[in-house]
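Visitor:
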Amino acid sequence: VPEGFKPGPEETLLVEVGRGDARAFEALYRRFARPLMAFLTTLTGDATEAQDLVQETFVRVWRAAPRWEARGRASTWLFTVARHAASNWRDQRRVRQTAVARAEPRPGTTSVERTELPAALERSVQDLSEPLRTAFVLARLHGRTLAEIAEIEGTAEGTVKSRLAAAEAALRKALARHVPPHPKAAS
Amino acid sequence: VNAPRPDPETLTAHALGLLASAERAAVDAALAADPALAAEHAEIARHLALYEEFPAPPEPPAFSRVAATAGVTHAAWPPYWARWSAAAAVFLLAGAGAAMLLPSREPERREPLAVLVGDHVPGREGAGVAAGGRVEALVPLELRIAGRVRVVLDGGAGLTVVSADEVRLERGRAYFEVPPGAFRVSTPRGDVAVLGTTFEVDVRTGLAVTVDEGRVRAGKSVVGAGERLADGKVAPAGEIAGAFFRRPVLSVEAPKAVEPGASVHVSLVLENRGPTPLEVPGPETVATGALLSLTGPGGQVETRGLDFAQALSGGFDPLRPIVLGSRERRVVVFRVQVPSSAGSWRLSALYRPQGEAAVASESVSLEVR
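So, in structure tokens, the structure goes:
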């Protein structure tokens, strides 16, 4: 149990879901569907797959919520469930597509209307290895703490720190031309 | 005083706002004392600021789609109804029995004809279905009729409990275990009369009846053990991809006696010795005991207390069907309530082969500890 942790509204909601409350389930979905969609889209690089995984995540949540105990953040558990769903998806895809080194994003994942920077950001994140990508996305795009990421990833906080530093360095290199110049260097 | 130079990992964590206050203060001090370090930190921060422009995600799927898949009924229903039916993952529709199906604040005055079996969703266990009550299974679930007939409904199946001796399968597929005695399954495509047997009825595309044990009469045809009626013709069943099959797989002497009613763990080693993958149903049927049924000297042993933690440690995802590749072995641990452990135990497994080819054999060993 995280130090000083007290169950909040999200944890209460999840407990209600565990009791079979359909309204609570819908409220939980409204609260977390978009963050998880963002997380899974970035993780998979495929909007259609991410939609399926969001669905699978919440199906798992509905079924497993009766066994969830409010000893940690509901959000951390939801991201963990989503992470496992994505992991299974990746394993299955690996079996299906052994000949394909890396699946190309489906149409709709990247849009020609997008400006160059957002597309470059998305592309560079996709190019990271999965452990680095997951840690970075959770930290930078979802504001998760080191402890939460460690729990979601099932690893140590030190490992998460290392992954974040490695991800940041790789991304900065990939996006070098987009990083604004240092004020002193520019002047 | 020179502050220690933070390593790159700590610097990145600081820029991401992930450090606790003490560590953050230490890094702040180091940055103040070291302009080169501050420049390095600023570059990381500028890079991280770019992600404000990260593309917005696509829309998640509609809640109704997710709810339907999860077996949650529409939340607009009255709370008590929604709670009950969502938990049950079934719709029990109107008719004479509807009042019996709603959670009542008063004790029920008569026993329902059938009960839903399963404790994996709270509120679902023991929900009653009266005469005329209808069950629509959005996920596989088990129904006991009059305490004697076991029905495993596949996801998508719709069934009405007509009486203790008759059900009407309107849609989908269901597996039946009927002890000796008359029983009838009526369907829109013909009736199946039973005299004690185990069989599957599938009305998804015409009437198909697959018999495991015993015999049934379907229209003018008699279908025997190991046979399948489809397209009006009876032929050897083989093992049809996606169909339920139950096979006795083991008969053992319990290694030691335990007190009746005691909770014991049963370790099962599943091994697929066949050449094709073997799929056993997912947690819905695991939870209802339909996956593996144990019969001990005291009768049917309830296997619904699957120890998920241990099952998970055995490599199982409780939310997915268990797929055993060819020659693959897995261990799963059940926690069961035993009426008595002395004497012979019979174990049978319900499974669905994935491919067209038959599964050659499988073995299960049992250990009471």
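Just so you know, the protein sequences line up as chains A and B, in that order. If you want the numbering used here, it's the position in the first sequence, counting the first as 1, plus 137. If you want the numbering used here, it's the position in the second sequence, counting the first as 1, plus 1059. Virtual Cβ for every residue (Gly too), placed ideally from N, Cα, C. Because the structure is a prediction, the values reported are computed rather than measured.
Taking just the CA atoms, how far does Ala-293 of chain A sit from Glu-1361 of chain B?
Guide: No answer about Glu-1361 of chain B holds up, because its pLDDT of 45 lies below 50 and its placement is not dependable.
Visitor: So which of B:Pro-1065, B:Leu-1096, B:Leu-1212 has the shortest CA-CA distance to Arg-1230 of chain B?
Guide: B:Leu-1212
Visitor: Compare the C-beta of Pro-255 of chain A with all C-beta atoms of chain B and state if any pair is closer than 8 Å.
Guide: yes
Visitor: From Ala-1098 of chain B to Ala-1115 of chain B, what does the alpha carbon distance come to, in whole angstroms?
Guide: Roughly 30 Å separates the two Cα atoms.
Visitor: Using alpha carbons as the reference points, say which of A:Phe-216, A:His-315, A:Glu-285 lies closest to Ala-256 of chain A.
Guide: For the residues A:Phe-216, A:His-315, A:Glu-285, the minimum Cα distance to Ala-256 of chain A belongs to A:His-315.
Visitor: Can you pull the chain A neighbours of Ala-1129 of chain B, defined as C-beta to C-beta under 9 Å?
Guide: Phe-162, Gln-192, Phe-195, Val-196, Arg-197, Val-198, Trp-199, Arg-200
Visitor: Leaving out the 5 sequence neighbours to the left and right, which residues in its chain are closer than 8 Å to Gly-1217 of chain B when beta-carbon positions are compared?
Guide: Arg-1193, Val-1194, Glu-1195, Ala-1196, Leu-1228, Glu-1229, Arg-1230, Gly-1231
Visitor: Run through DSSP, which three-state label would Ala-184 of chain A get?
Guide: helix
Visitor: For Ala-272 of chain A, report the span of its alpha helix (DSSP H) as first-last.
Guide: 267-273
Visitor: Please list the residues of the segment 273-289 of chain A that have a C-beta atom closer than 7 Å to any C-beta atom in chain B, keeping them in chain order.
Guide: Ala-276, Arg-277, Leu-278, Thr-282, Leu-283
Visitor: Here's a check: name, in chain order, each residue in its chain whose Cβ is nearer than 6 Å to the Cβ of Gly-1278 of chain B, leaving out the five neighbours to either side.
Guide: Gly-1249
Visitor: Measure the C-alpha to C-alpha separation of Arg-277 of chain A and Leu-1075 of chain B and round it to an integer number of angstroms.
Guide: 7 Å
Visitor: Closer than 8 Å by C-beta to Glu-267 of chain A: which residues in its own chain qualify, once you throw out the five before and the five after it? Chain order, please.
Guide: Leu-180, Arg-227
Visitor: Pull up the CB-CB distance for Asp-1271 of chain B and Ala-1284 of chain B, whole angstroms please, since I reckon it's below 8 Å.
Guide: 7 Å
Visitor: Measuring CB to CB, does Val-1293 of chain B end up less than 8 Å from Val-1282 of chain B?
Guide: yes
Visitor: Alpha carbon to alpha carbon, what distance is there between Glu-147 of chain A and Leu-1070 of chain B?
Guide: 32 Å
Visitor: Report all residues from its chain with a CB closer than 6 Å to the CB of Val-1210 of chain B; omit the five preceding and five following residues, and keep chain order.
Guide: Taken in chain order, the residues that qualify are Leu-1202, Ala-1233, Phe-1235.
Visitor: If you drop the 5 nearest sequence neighbours on each side, which residues of the same chain put their C-beta closer than 7 Å to that of Arg-1263 of chain B?
Guide: These residues qualify, in order along the chain: Gly-1231, Arg-1232.
Visitor: What residues from chain B crowd round Glu-147 of chain A, counting only those whose CB sits closer than 8 Å?
Guide: Per Cβ cutoff of 8 Å: no residues; Glu-147 of chain A is ~17 Å from chain B at best.
Visitor: Could you check where the alpha helix (DSSP H) with Thr-297 of chain A kicks off and where it finishes?
Guide: This sequence places Val at residue 297 of chain A; Thr is not what is there. Val-297 of chain A -> alpha helix (DSSP H) spans 294-311.
Visitor: My assumption, with CB atoms under 8 Å, is that Arg-1207 of chain B sits in contact with Glu-1225 of chain B. Please give the rounded CB distance.
Guide: So it is not a contact: roughly 13 Å between Cβ atoms.
Visitor: Between which two residues does the beta strand (DSSP E) harbouring Val-1125 of chain B extend?
Guide: Where Val-1125 of chain B is concerned, there is no enclosing beta strand (DSSP E), although the alpha helix (DSSP H) it sits in stretches over 1122-1129.
Visitor: Below 8 Å between beta carbons: does that hold for Ser-261 of chain A and Leu-312 of chain A?
Guide: Yes, these two residues count as a Cβ contact at 8 Å.
Visitor: Of all the CB atoms in chain B, is at least one closer than 8 Å to the CB of Ala-219 of chain A?
Guide: Nearest CB-CB separation between Ala-219 of chain A and chain B: not below the 8 Å threshold.
Visitor: Specify whether the segment 160-172 of chain A and the segment 1122-1129 of chain B touch according to this definition: at least 3 beta carbon pairs, one from each stretch, less than 8 Å apart.
Guide: Flag = yes, the segment 160-172 of chain A and the segment 1122-1129 of chain B touch.
Visitor: Can you list, in chain order, the stretches of the beta strand (DSSP E) that have 3 or more residues and sit fully within the segment 1224-1288 of chain B?
Guide: 1225-1230, 1232-1246, 1249-1261, 1267-1272, 1275-1277, 1280-1282
Visitor: Please confirm whether Glu-222 of chain A and Thr-194 of chain A have their CB atoms less than 8 Å apart.
Guide: Here the sequence assigns Ala to residue 222 of chain A, which means Glu is not the residue at that position. Cβ distance < 8 Å, so Ala-222 of chain A and Thr-194 of chain A count as in contact.
Visitor: Alpha helix (DSSP H) containing Ala-1104 of chain B: first to last residue?
Guide: 1094-1108
Visitor: DSSP puts Glu-253 of chain A in a beta bridge; with which residues?
Guide: According to DSSP, which records beta bridges pairwise, Glu-253 of chain A is partnered with nothing at all.
Visitor: Would the beta-carbon of Ala-272 of chain A fall within 8 Å of that of Ala-304 of chain A?
Guide: yes
Visitor: When you compare only the Cα positions, how much space is there between Leu-150 of chain A and Ala-175 of chain A?
Guide: 21 Å
Visitor: Take the Cβ of Glu-1118 of chain B as the centre, count every other Cβ of all protein chains shown within 10 Å, and call the residue buried at 16 or more, exposed below.
Guide: exposed
Visitor: Around the C-beta of Lys-310 of chain A, are 16 or more other C-beta atoms found within 10 angstroms, so that it is buried, or is it exposed?
Guide: exposed
Visitor: Can you grab the Cα-Cα spacing for the pair Ala-1252 of chain B / Val-1174 of chain B, in whole Å?
Guide: 22 Å
Visitor: Starting from Ala-1072 of chain B, find everything on chain A with Cβ-Cβ shorter than 9 Å and list it in chain order.
Guide: Ala-276, Leu-283, Val-297, Lys-298, Leu-301, Ala-302
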